[in-house]
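Taking it in order: structure first as structure tokens, then the write-up.
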Amino acid sequence: MSAPAQAIALVQALETVLRQDRGRMMAALTHRLGSVQRAEDALQEASLSAMSHWARDGLRESPQGWLIRVAFRKALDQLRTEGRDGEREAAVQQLQDLLGHEEPESIPDERLRLIFTCCHPALELKSRVALTLRTVCGLSTGEIARLFLDQEATMGQRLSRAKTKIARAGIAYAVPAPEHWEARLQAVLTTVYLIFTTGYNAAADEARDLCGEALFLARLLDALCPAQPEIEGALALMLLTEARRAARVSACGATVPPAEQDRRLWHREAEAEGRHRLEAALRRKRAGPFQIKAAISACQMAEPGPDWPQILCLYTALLPLEPTPVVRVNHAVAMAENGLLAAALATLNALQETLADFQPLHAARAAVLAMAGQTDAAWRAYEQAIALASHECDKRFLAARAARLR
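If you're matching positions, the sequence shown starts at 521 in this note's numbering and goes up one per residue.
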């Protein structure tokens, strides 16, 4: 093999290892080093060293183990240059003890601790998402910046601040204690679901499939924490939503609501798995927000059309658990679909000030006003919704709805 071909092969091999196992390696390093930033720096230096060493000695039998071991050496060198105190000396001794063993054949799976650390409620939601994508999924800073329409330097600063906050606030690299489990798990699942929805709304030509990344994280959580109904519910919700992805935009580029989608385009295997996961969660009889949302999604996919009476019951059950304005908007839509137009309009009108810039509120209000025969008011509400829509497919859908009024 020529030198250029060998170099290309080594780069590809390293990229494959990092893509498949970066999360596990980062978790193992963070566990031992006690710092996300130190772990990331050490793995980066080990990756650079791999190119020269593997070019000379060939690809190791366990490249992941080699990278972990070299990363520990890099971290040890860095610790030695930082001066001495009791904590550093203990860390140096721990790393020296680790390096006294043979190269590890397998990497302990510490990713659950890493996910809970990245998704700590002390961090802003956007920072949680970015840090999880960078640390657990291995996306580059540039890739994350493009997904959020940010500058790469801006996203780099956000990631840096998040790591600094973890260190300064003394956020434990650990799975939360039982008394904090439910709240912390909801923070993790909310982060994972936001990753999913960001991918669901991304451009069709986006290089990284965030829906796939979110499903990977949800499956990982399910494997590491089996028999947790809210994890199963979140996975079910994403699978059921993913099943409809191919039908969500029409041939003319307009959003298509579930009730009007071409069901022949639905991914039936994803739907079947989603329903199976939901049933498993509900059998545990510990209903939570993600299970209820998954049940709503399943009812939207009922034959021959959405089961609106059941959807209204489910939103009524969700409201006490998530009494947010957005849930109230969806509850109002369900009321309208069940003929409760006056109550639905009263709810939506009361939310206009709180959600003045929230496009779905104006779209929902326009639809309910149209159902109530208030054509002029519905037209004005559609105009507001169109002005606030950020995606062209939503603008086309809303424009088509408004055109029906005239």
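By construction, the Cβ of each residue, glycine as well, lies at the ideal position given by its N, Cα and C atoms.
Buried versus exposed, by CB contacts within 10 Å (16 or more), residue i
| i | result |
| --- | --- |
| Pro-845 | exposed |
| Arg-885 | buried |
| Gln-532 | exposed |
| Ile-528 | exposed |
| Gly-794 | buried |
| Thr-836 | exposed |
| Leu-925 | exposed |
| Gln-820 | buried |
| Glu-630 | buried |
| Pro-777 | exposed |
| Gly-773 | exposed |
| Arg-943 | Outside the displayed range of the chain (521 to 926) lies residue 943, so it cannot be described from this structure. |
| His-640 | buried |
| Arg-678 | buried |
| Ala-771 | exposed |
| Thr-655 | buried |
| Ala-818 | buried |
| Gly-808 | buried |
| Ala-814 | buried |
| Ala-485 | For residue 485 there is no data in the structure shown, the boundaries of the chain being 521 and 926. |
| Ala-856 | buried |
Beta-bridge pairing of residue i - partner residues as DSSP gives them
| i | result |
| --- | --- |
| Val-769 | Thr-775 |
Under 9 Å between C-beta atoms of residue i and residue j
| i | j | result |
| --- | --- | --- |
| Gly-676 | Ala-665 | yes |
| Leu-868 | Val-849 | yes |
| Leu-832 | Ile-812 | no |
| Gln-687 | Arg-648 | A quick correction: the sequence has Ala, not Gln, at residue 687. Their beta carbons are not under 9 Å apart, which means Ala-687 does not touch Arg-648 by this criterion. |
| Val-556 | Met-546 | yes |
| Ala-734 | Gly-753 | no |
| Tyr-693 | Thr-637 | yes |
| Glu-780 | Ala-763 | no |
| Leu-643 | Lys-594 | no |
| Ala-907 | Ala-922 | no |
| Leu-563 | Arg-542 | yes |
| Pro-824 | Asn-858 | no |
| Val-590 | Ala-570 | yes |
| Leu-841 | Leu-798 | no |
| Ile-635 | Leu-741 | yes |
| Ala-747 | Arg-804 | yes |
Sequence-distant residues of its chain with Cβ nearer than 7 Å to residue i (five each side left out)
| i | result |
| --- | --- |
| Leu-861 | Val-888, Met-891, Ala-892 |
| Met-806 | The amino acid at residue 806 is misidentified as Met; the sequence shows Arg. Hits under 7 Å: Pro-749. |
| Ala-905 | Gln-879, His-882, Ala-883, Ala-886, Leu-918 |
| Phe-810 | Leu-709, Glu-750, Gly-753, Ala-754, Leu-757 |
| Leu-871 | Pro-845, Arg-848, Val-849, Leu-881 |
| Ala-854 | Trp-828, Ile-831, Leu-832, Tyr-835 |
| Glu-672 | Thr-661, Gly-662, Ala-665 |
| Cys-913 | Val-769, Gly-773, Ala-774, Thr-775 |
| Gln-584 | Val-537, Asp-541, Met-545, Ile-627 |
| Thr-874 | Pro-845 |
Cβ-Cβ separation, residue j to residue i (assumed contact under 8 Å), whole Å
| i | j | result |
| --- | --- | --- |
| Arg-539 | Gly-658 | 6 Å |
| Ala-682 | Leu-705 | The Cβ separation is near 20 Å, so there is no contact. |
| Leu-549 | Ile-588 | 7 Å |
| Arg-633 | Val-695 | 6 Å |
| Leu-530 | Trp-586 | Leu-530 to Trp-586, Cβ: 13 Å. No contact. |
| Ile-715 | Leu-653 | 7 Å |
| Leu-667 | Leu-737 | The Cβ separation is near 15 Å, so there is no contact. |
| Thr-711 | Leu-645 | 7 Å |
Contacts around residue i, its chain only, beta-carbon distance under 6 Å, and the 5 residues preceding and following it disregarded
| i | result |
| --- | --- |
| Ala-766 | Leu-785 |
| Leu-865 | Val-888 |
| Ile-816 | Ile-831, Leu-834 |
| Glu-565 | Lys-594 |
| His-787 | Ala-763 |
Chain-order list of residues whose beta-carbon lies under 8 Å from that of residue i (same chain, five-residue window excluded)
| i | result |
| --- | --- |
| Glu-622 | Confidence at Glu-622 is low in this model, with a pLDDT of 49, below 50, so the placement of that residue is unreliable and no value is reported for it. |
| His-851 | Leu-832, Tyr-835, Thr-836, Leu-838, Leu-839, Thr-867 |
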